[in-house]
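Inspection log for the structure reproduced underneath, given as structure tokens.
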């Protein structure tokens, strides 16, 4: 082969983008999972979900640079998850608890206001310049003629484990059963002794905590900035609609699909143009299959 | 009272905290004091009781109020000074934008998180028509209104395909799409720099010309357009069509059973809202002389929602009042901090938790006669 090349450069690029897309998709799936869960259980369209992702990344950065650098990267991931989950618990109690029973519209507005406030707070505290977190490993694997960072593979592994853990939690534990019962029929669940207010707290804290963990995970790849919340929430919206509102499995598959698509498109398109492509996919779904891939509940 | 305080404890603490953090102590006290004054005034006004409603609803009061508004509006350039004229022109335009959102938010119960972006599309339309296509000012305005309304209608057509609470998600996605297009399609939109126009002279049927560079002329143009828009919107919302909108908001299923094609009405509602948002967009372009990607930011669309909700949706006048109050507040806060949305956003959250119907809605509720609780639901306009 000429020049020691094993593969056609375009094909090679496609392979790399495929892996990158899958990795981005796994992270997106984490955010979308929490969003869908909160939507399904609490009937809250959580506009602020992306801001918890951002809050996680900033908390991770703070832990590593100021609070406790000794815990290392993985310690920071866990700590950020726990701290943001605690913060989410306070938010749930302070903002959303009193809106229960007032229909879905008021929590929607509250979460939208919260999203703006959190984003502006991040701007006011941390400024516009992005922060960087070093990846826990800088090793890379030879991938055809390129070097592929091991860290991206680690993210895939960690994300997959979290998703499996979430699935086990939902299907094998007492609280998972409570959550599924609440999704199915809140009033009946309450009558059967399910502590619904506690379920809400658990779901909101876990959902936002996972979103925060995903924020720390991607921090070494992208810079940590105030706008990462809005960027990922738009993607998560698309994923959740395409996957079928309220369907956890649908969200996972749609996240992988959309991310791989954007990754592939970035071979031919520049800047944020791949994002337009996934918006077009969303519009296509709205026109021809508004219930999404796995939507069981009629959306009309 | 204690219940209400408990409900808003967290955002209230955050609001007080951030105000003192972002502003000097005296100014923070002024801001918080004025907010408290507004709350107290609303509560006191509510105490006056149902009698206030009969006064408010009497024909005489309405004519007086309308006359006063006209008088203030027409004489404003005489006493407001050139800064004041610009300030109030902008306030009126934002009031119109908030009113246009109210058509959706308050009258049919659909949330749009893309209204500033929709106005921005109209601004871009007019700017491109003036600079690139070389259209005459009036045809450029016509083109802009068409473009903005068409974009809104497309957005509505897609968004009605999902249930109402997801409608907002889709509009936000559309807003982001508009922002991306505005910032990446540089050959047309000039990206970050934006398009600068030469402010045109608008001729009125050969009789006279309005020089939009002159603040006073621009004030009269804005004032007349906004008042006319209000009158048209008020009549539209009182027409049989407006009643169907409200019927859908109250009970969509029943409206459907009665034979109304709910989706068509929703799209129609969105289109009307989009047309008036476009009018605001064109006025904004004529005021600033420039349109850039900043206008398309989700943050601005969020601000429009904030104005409307604080004032009280479903009343037309409420969102206008909300826009005026928040615009004045924003202007004041802007002297000290760029992060004024942090404070405004917290005020927004406190308002929703305390009075979901906004300032005007709370007043109308307090004034409603106890004997007939369901009469005349939140409609004073």
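Residue numbers (my numbering), protein chains in the order written: chain A, 1 to 300; chain B, 301 to 681.
Glycine residues also receive a C-beta, built at the ideal position from the N, C-alpha and C atoms.
Subject >> Where residue 495 of chain B falls: helix, strand or coil (DSSP) >> reply: strand
Original post:
Along the chain, which unbroken stretches of the beta strand (DSSP E) at least 3 residues long are found entirely within the segment 115 to 177 of chain A?
Top reply: 140 to 143, 146 to 149
Subject >> the segment 185 to 199 of chain A / the segment 8 to 22 of chain A touching (three or more Cβ pairs under 8 Å) >> reply: The segment 185 to 199 of chain A, when compared against the segment 8 to 22 of chain A, does not touch it at the 8 Å Cβ threshold.
Subject >> Nearest candidate by alpha-carbon position, reference residue 319 of chain B, set B/664, B/578, B/638 >> reply: B/638
**OP:** Could you please give me the residues that DSSP links to residue 224 of chain A through a beta bridge?
**Re:** A/131
Original post:
Looking at the structure shown, is residue 503 of chain B part of a helix, part of a strand, or coil, going by DSSP?
Top reply: strand
Original post:
Looking only at C-alpha atoms, which of A/245, A/242, A/221, A/211 sits nearest to residue 232 of chain A?
Top reply: A/211
**OP:** Please classify residue 498 of chain B: is it buried, with 16 or more other beta-carbons within 10 angstroms of its beta-carbon, or exposed?
**Re:** Using a 10 angstroms sphere on the CB of residue 498 of chain B, the tally of other CB atoms stays under 16, which defines it as exposed.
**OP:** Consider the Cβ of residue 567 of chain B: report whether some Cβ of chain A lies at a distance smaller than 7 Å.
**Re:** no
Subject >> Buried versus exposed, by CB contacts within 10 Å (16 or more), residue 370 of chain B >> reply: Exposure of residue 370 of chain B is indicated by the presence of fewer than 16 other C-beta atoms within 10 angstroms of its C-beta.
**OP:** May I have the straight-line CA-CA distance separating residue 13 of chain A from residue 557 of chain B, to the nearest angstrom?
**Re:** Cα-Cα distance, rounded: 56 Å.
**OP:** Check residue 682 of chain B in the structure and name its three-state DSSP category.
**Re:** Because residue 682 of chain B is not part of the residues shown, which for chain B are 301 to 681, the question remains open.
Subject >> Neighbourhood of residue 676 of chain B by C-beta, 6 Å cutoff - its chain only, sequence neighbours within 5 removed >> reply: Residue placement at residue 676 of chain B is flagged as unreliable, the pLDDT there being 47, under the threshold of 50; a coordinate-derived value is accordingly withheld.
Original post:
Name the residues in the segment 240 to 264 of chain A whose C-beta lies less than 9 Å from a C-beta of chain B; which are they?
Top reply: 240, 241, 245
Subject >> Whole-angstrom C-beta distance between residue 571 of chain B and residue 449 of chain B, which should lie under 8 Å >> reply: 6 Å
Subject >> As assigned by DSSP and simplified to three states, the class of residue 524 of chain B >> reply: helix
**OP:** Report the three-state DSSP secondary structure of residue 481 of chain B (helix, strand or coil).
**Re:** helix
Subject >> Proximity test, Cβ basis, 7 Å: residue 120 of chain A and chain B >> reply: yes
Original post:
DSSP puts residue 509 of chain B in a beta bridge; with which residues?
Top reply: According to the DSSP secondary-structure assignment, residue 509 of chain B is paired through a beta bridge with B/503.
Original post:
Who are the neighbours of residue 106 of chain A on chain B, taking C-beta pairs under 7 Å?
Top reply: Per Cβ cutoff of 7 Å: 652, 656.
**OP:** Give a yes or no on whether the minimum CB-CB distance between residue 67 of chain A and chain B is below 7 Å.
**Re:** no
**OP:** Name the two residues that bound the continuous alpha helix (DSSP H) containing residue 56 of chain A.
**Re:** 49 to 62
Subject >> N- and C-terminal bounds of the alpha helix (DSSP H) containing residue 280 of chain A >> reply: For residue 280 of chain A, the enclosing alpha helix (DSSP H) covers residues 273 to 288.
Subject >> residue 551 of chain B, enclosing alpha helix (DSSP H) - first and last residue >> reply: Careful: residue 551 of chain B lies outside any alpha helix (DSSP H) and carries neither H nor E.
Original post:
Going along the chain, which residues of the segment 34 to 46 of chain A sit with their C-beta nearer than 7 Å to a C-beta in chain B?
Top reply: Here the close residues are 45.
Subject >> Distance CB(residue 584 of chain B)-CB(residue 427 of chain B) smaller than 7 Å >> reply: no
Original post:
Hey, out of B/421, B/528, B/407, whose CA is closest to residue 539 of chain B's CA?
Top reply: B/407
Original post:
Does residue 98 of chain A come within less than 7 Å of chain B when only Cβ atoms are used?
Top reply: For residue 98 of chain A, a Cβ of chain B is located within less than 7 Å of the residue's own Cβ.
Original post:
Alpha carbon to alpha carbon, what distance is there between residue 95 of chain A and residue 454 of chain B?
Top reply: 34 Å
Original post:
How is residue 590 of chain B classed by DSSP in three states: helix, strand or coil?
Top reply: strand
**OP:** May I ask you to report which of helix, strand or coil DSSP gives residue 605 of chain B?
**Re:** helix
Original post:
In chain order, what residues of the same chain lie with their CB nearer than 7 Å to the CB of residue 327 of chain B, ignoring the 5 residues before and after it?
Top reply: 636
Subject >> Beta-carbon proximity check, residue 284 of chain A vs residue 242 of chain A, cutoff 7 Å >> reply: no
**OP:** Give the DSSP-derived three-state secondary structure of residue 413 of chain B in the structure shown.
**Re:** coil
Subject >> Residues that residue 466 of chain B contacts on chain D, provided the C-beta gap is smaller than 8 Å >> reply: Of the chains in the structure shown, none is chain D; the protein chains are A and B.
Original post:
With a Cβ-Cβ cutoff of 7 Å, do residue 475 of chain B and residue 601 of chain B count as a contact?
Top reply: A contact, by the Cβ cut-off of 7 Å.
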